Amino acid sequence: MEAYIIKGYRSAVGKAKKGGFKDYRSDDLAVDIIQHLMAKVPEIDPKQVDDVIVGCANPEGEQGLQIGRLISARALGKEVAGMTINRYCASGLEAIALAVAKVRAGFGDVFVAGGIENMSVIPMTGYKLAPSYKANLDNLNYHVSMGATAEAVALKYGISREQADLFSFESHQKAAKAIAEGKFVDQIVPVEVESIFVENGQRKSVKHTVAVDEGVRNDTTVEALAKLRPVFKNGGVVTAGNASQTSDGAAFVLVVSEAIVKQYNLTPIARLASCSAGGVDPLYMGIGPCVAIPKALKIAGLQLKDIEQTELNEAFAAQALAVIQEAGLNPETVNVNGGAIALGHPLGCTGTKLSIQLLEEMKLRKQRYGMVTACVGGGQGIAGIFERFD
Amino acid sequence: MNYRLKKVAVLGSGVMGSGIACHLANVGLDVLMLDIVPPNLEGASAKEQRLRNSLVNQALQNALKSSPAPIYHTSFAQRITTGNFEDDFEKIADADWIIEVVVERLDIKQQIFEQVDRYRKPQSLVSSNTSSIPIHLLAEGRSADFKAHFCGTHFFNPPRYLRLLEVIPIKETQPQVTQFFMEFGKITLGKQTVLCKDTPAFIGNRIGVMSGTEITFLTASLKFRVEEVDAMTGSLIGRPNTGSYRLQDLVGLDTGDKVSRFVMDNVQGDTYIDRLKKRTPPAFMQFLLDHHFLGNKTGKGFYEKTKEKDAEGKTIIKVLNLETLAYEPSQKPNSTVVKTAKGMELMDKRLQYLVDGESKEQQFFKAYFGALFAYASNRVPEISDQYFPVDDAMRAGYVWDFGPFEYWDLIGLDRGIALVEELGETVPEWITSLKKTGGTSFYRFEGGQKKYFNINSESYEALPDTKSYILLDSYRTQTPVLKNSECTVHDIGDGVLCFEFTSKSNSIGEGIVRAMSEAIQIAEEGQWKGLVIGNNAKQFSVGANLMGIGMLAMQKQTDLLEQMIDAFQQMNMRIRTSKIPVVVATQGYVFGGGCEISMHCDAGIYAAESYIGLVEVGVGLLPGGGGTKEFALRISDELSEGDVQMPTLIDYFKSIATAAVSKSAYEAYDLKYLQKGRDQVCVNTQLNIGKAKEKVLELAEFYIPPTERKDILVLGRSGLSVLYSAINEFRLGEYMSDYDVDIARKIAYVMCGGDLTAPQQVSEQYLLDLEREGFMSLLGQQKTLDRIQYLLMNNKPLRN
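So, in structure tokens, the structure goes:
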């Protein structure tokens, strides 16, 4: 039985450590988004949800202790189950795929799937970096940092600093334009955040609403980007300006079976035609989409030219450029509203967030097939192909 | 009255104002720094506080970013708050001390002091940092309480690093105020305080102007090239390595010129200056000033650093030809006299040689020192009641190793008098008296005290600071407790011994290692209370004697080397576990083996200006004298139940693996070389041995030594794997060479206790054995030998 996406919502993406969600936990944020999502589909009683699938790249510390379960109980009631899944930067897309697969297998009819990440509190490597000694004897690059992989990709595929900076500049320009045009307004749930702090010795409380993606800089220039220093390599390509931003965010979609669609007369917006992951040498992690895309196309029975719109996660400009080049993507149809370099990359949330952005843009453009693809730490790539309905 | 300072207001935020504010913050004071509201504010922005304070805030930011850093530790900057003269002047009512550092204009300073007089609380101290305005003029028209608490406090730039603080009272200044600044400046600010009279340019700059001028004239008359004079006036005679002209380029020619002009315009009854006014200055000085070639800040001065490279890829440095006034490639000076003098280790012999002969160089030195001695001696008592403050000022403010009268002692009293007389000058009366009373030198050491000839009482008296400053020179007349070619052990009184390194650059060789155990044994068996390890040299120690290690390694004397390393480790364990307290006192470089010794002492008194690091990686080694073991021990002590351990491990590892050196003793806490609670920072470098002695006495009461530890938790493979990953990142980023990776992995291995499959407690000796194995295996590598050889020959590390 086919599975359908009914609706999806996300939070605005906050800048990690200094943005609106820096002190706002990702489980709290997830509860806000899921409750909003369910309120928008009043036909379905929250208690009907079979499972809440929460993607999270660093499920430890504040995101540990079965955060998926805690989110389901708080958002929908303790009768509703929940779990955490992790495919690092693709967790949010994998959560949707898992929900779809469960419906198709007949394991349930109503799923909430999505992803979360608060990078303000949890270090990129997790609290305890503890690689396997045996693995390191075998290949030191199993645990290589993401930045180092981007440098390796840049070197291997001949991506220059200038190309990377120009790509980043354009990402900011496109994102700034999209925000100015109000393109994200319908998909973002405004969230009110209360900050309590001491100022001049006095306890103060300030409330503010986070409703706009915070990372975009419409005033940045190629020249300003060119001035930044390489972070990961002596004389390298990758800078803070041409890498994705660390961010906080949450995004969820509602996936239901065909039977539920019929029973409640719902209007699906899309279905996930296929979703595939594949592996590459961990040192060249960034090129991962190139193995995932052909697999996903094959399963969907499509060709690359059928894909009208792509959201390619911009982990690094160098990596994104290499993927566009090697996979033969049409740059005109990739990240038309900017990408993670401007809009941020809240790891576990990103896959769901990009899916929601893709489907909204396809609606405007009345397109049928679109793709979300991302490189994934440890040397992987993922691609998900959506078919949108009118 | 005992002034207790907590809050200080600094008025003016220029280079000096900001630098002073930073140094006051360095010692823990709350600093309020004020400056003008920017003059060009208009409309609504004129009311915005952020903009009104923009000038002072920018000045502070510039200072904090400058190099060398004006502040011991970045966190100390929060002790400085800022404001502006219009909105915040009344805040000085809280200040215990108000120091004025505004532009050098009498009318402006008087306006500021009028305001200060209005807002300050009674009894608060007020001072000016002026270098060129008579102090008494600044107090004109002020209240009696203001005048009673007012004096000049003249810092030298940069205030953190230059040790001179001139204190200039006016006639109304209460004696206890002057006394307070002399003591506070010394103990708290770490300065060499010098009591000055209100004479133009006080002491330091007055002598400095004469010295610089004389060198300039002699350069011209004897037709020397710039590089030649720099080779003669640098480390050869115990002055900054730059030499005279490169230093002028560094400071800025205009700065020196301003002070010279000021002295020329304002002094009276100064025959040298009177004669100078009639002489035509060498054309090159005027040329440089006219063309605004003021030194490094304008791109060129005496030297010009070009963008051109020579055949070997080195930047071509040009130098001003003083005759043609054109810049031409500099030439390495080749003077036999300089070479011969350099070969003489003892400074007295060297200087005596330099003023004994008719070569061009010797003519230069005879004339220079003759003029310096004549000038300095005839300025006493004009600028100072006694002569020793003149020496203090030149050492601290101009970074000379010797003041004029100390040079004189080195050359010899009579020879010096002859040099003066050869110039047709005379020495003052008081020197005749000194000779008449049988004196043969300006300074003498007696009974552990350094004495000077008091020109009023006409007798030798102890220098005022000898109680708190322990100068090891004072003990050279007494029989040492122990001595060999690398070290001397002195009895410094009250049952405390001081172990002084005396080897070249205080490097640690076999002599020190052997003597350390003996000294400890002597102390344990005798009635000694404890041992201080300290010296008065610029550098505490550059580390182990690399030459010795390198030679043995090249000869493949593996057994001997292993014995040596073992002895070094055992020496440090002995320091740790001996029955007497051992306290280290450091300053300057505390590198490698010197750092390892320090880390094994029971406590440490570290001068703030201590630059500390385990730098072995630079020569392809790991800290093998217990330093790596000590880091493993400290990691273990820092871990607590349930913590994630790895960040602690990585923090410690980084210090050794990157050969990190602290830029102040405070920074060394962050780098893990110093430990809170055990080690203490002492702002005044000269007080460190005295404080270490006090610490020994404090610990000596019923002292129980630590025993060898057997409970050091090492992480084994789990830690090792993290460090291997971290090292891989450095390699991928091309921050490390393949050989750096090998060395870093060896360090990781020792710090993790090897490749244990689970965390476990181990003993110090187990770690020392690992450390020694790692050290020996690195010494067997050609690349390590190449690094050692390169450093010895080029004095900079090789990255291979």
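Here the protein sequences come in this chain order: A and B. Each residue of the first sequence is one higher than the one before, starting from 5 at the first, in this note's numbering. Each residue of the second sequence is one higher than the one before, starting from 751 at the first, in this note's numbering. In this text, a Cβ means the ideal position worked out from N, Cα and C, and glycines have one as well. Just so you know, these numbers come straight off a predicted model, no measurement behind them.
Assuming residue i is part of the beta strand (DSSP E), what are its boundary residues?
| i | result |
| --- | --- |
| residue 55 of chain A | 55 to 59 |
| residue 13 of chain A | 7 to 14 |
| residue 1353 of chain B | 1353 to 1363 |
| residue 1350 of chain B | No beta strand (DSSP E) contains residue 1350 of chain B, which is instead part of the alpha helix (DSSP H) from 1342 to 1350. |
| residue 847 of chain B | 847 to 850 |
| residue 1068 of chain B | 1065 to 1070 |
| residue 253 of chain A | 251 to 261 |
| residue 1240 of chain B | 1237 to 1241 |
| residue 776 of chain B | Taken as a continuous stretch (DSSP letters only), residue 776 of chain B belongs to no beta strand (DSSP E), being part of the alpha helix (DSSP H) at 765 to 776. |
| residue 992 of chain B | Note, residue 992 of chain B: premise wrong, no beta strand (DSSP E); not H, not E. |
From the options, pick the residue whose C-alpha is nearest to that of residue i; which is it?
| i | options | result |
| --- | --- | --- |
| residue 1384 of chain B | B:1529, B:1399, B:1075, B:1108 | B:1399 |
| residue 1490 of chain B | B:1451, B:1510, B:811, B:1534 | B:1534 |
| residue 222 of chain A | A:240, A:263, A:178 | A:178 |
| residue 1255 of chain B | B:1099, B:1232, B:1448, B:1285 | B:1285 |
| residue 97 of chain A | A:161, A:382, A:279, A:334 | A:279 |
| residue 735 of chain B | B:1330, B:1340, B:1347, B:1081 | Any answer about residue 735 of chain B is impossible in this case: the structure gives chain B only from 751 up to 1550. |
| residue 1057 of chain B | B:1067, B:907, B:1293 | B:1067 |
| residue 1379 of chain B | B:1003, B:1503, B:1100 | B:1503 |
| residue 964 of chain B | B:885, B:1183, B:923, B:1120 | B:1120 |
| residue 1269 of chain B | B:926, B:1476, B:784, B:1239 | B:1239 |
| residue 341 of chain A | A:288, A:62, A:269, A:183 | A:183 |
| residue 1386 of chain B | B:1371, B:955, B:1402 | B:1402 |
| residue 79 of chain A | A:306, A:308, A:38, A:339 | A:38 |
| residue 841 of chain B | B:828, B:867, B:861, B:821 | B:867 |
| residue 800 of chain B | B:1374, B:779, B:833, B:828 | B:833 |
Since residue i and residue j should fall inside the 8 Å C-beta cutoff, what is the C-beta to C-beta distance between them, to a whole number of angstroms?
| i | j | result |
| --- | --- | --- |
| residue 1396 of chain B | residue 1472 of chain B | 5 Å |
| residue 108 of chain A | residue 7 of chain A | 6 Å |
| residue 220 of chain A | residue 176 of chain A | 6 Å |
| residue 1311 of chain B | residue 1303 of chain B | 6 Å |
| residue 959 of chain B | residue 1010 of chain B | 5 Å |
| residue 388 of chain A | residue 376 of chain A | 5 Å |
| residue 910 of chain B | residue 776 of chain B | 6 Å |
With a 10 Å radius around its C-beta and 16 neighbouring C-beta atoms as the bar for buried, classify residue i as buried or exposed.
| i | result |
| --- | --- |
| residue 111 of chain A | exposed |
| residue 1137 of chain B | buried |
| residue 1 of chain A | Nothing can be reported for residue 1 of chain A, as the shown portion of chain A is limited to 5 through 394. |
| residue 201 of chain A | exposed |
| residue 212 of chain A | exposed |
| residue 1193 of chain B | buried |
| residue 1514 of chain B | buried |
| residue 1418 of chain B | buried |
| residue 1454 of chain B | exposed |
| residue 859 of chain B | buried |
| residue 1350 of chain B | buried |
| residue 751 of chain B | Model confidence at residue 751 of chain B stands at a pLDDT of 49, short of 50, so the residue's coordinates are unreliable; what they give is reported in the following sentence. Flag for residue 751 of chain B reads exposed. |
| residue 1078 of chain B | exposed |
| residue 106 of chain A | buried |
| residue 302 of chain A | exposed |
Could you give the residue range of the alpha helix (DSSP H) that holds residue i?
| i | result |
| --- | --- |
| residue 93 of chain A | No alpha helix (DSSP H) holds residue 93 of chain A; DSSP gives it neither H nor E. |
| residue 1290 of chain B | Here residue 1290 of chain B belongs to no alpha helix (DSSP H), and DSSP marks it neither H nor E. |
| residue 1426 of chain B | Here residue 1426 of chain B belongs to no alpha helix (DSSP H), and DSSP marks it neither H nor E. |
| residue 835 of chain B | 835 to 838 |
Using a Cβ-Cβ cut-off of less than 7 Å, give me the residues of the region 1444 to 1475 of chain B that come near chain A, in sequence order. 1467, 1468, 1470, 1471, 1472, 1474, 1475
Near-chain B residues of the region 147 to 171 of chain A (beta-carbon distance less than 8 Å), N- to C-terminal order: 147, 148, 149, 152, 155, 156
Report the residues of the region 110 to 143 of chain A with a CB closer than 7 Å to any CB of chain B, ordered along the chain. 131, 132, 133, 134, 135, 136, 137, 140
Quick one: which residues of the region 1388 to 1415 of chain B get their C-beta closer than 7 Å to a C-beta of chain A? List them in chain order. 1394, 1396
Using Cβ-Cβ distances below 9 Å, what residues of the region 1476 to 1509 of chain B are close to chain A? 1476, 1477, 1478, 1479, 1481, 1482, 1483, 1484, 1485, 1505, 1507
Interface positions of the region 223 to 249 of chain A facing chain B (Cβ-Cβ less than 8 Å), listed along the chain: 236, 237, 238, 239, 240
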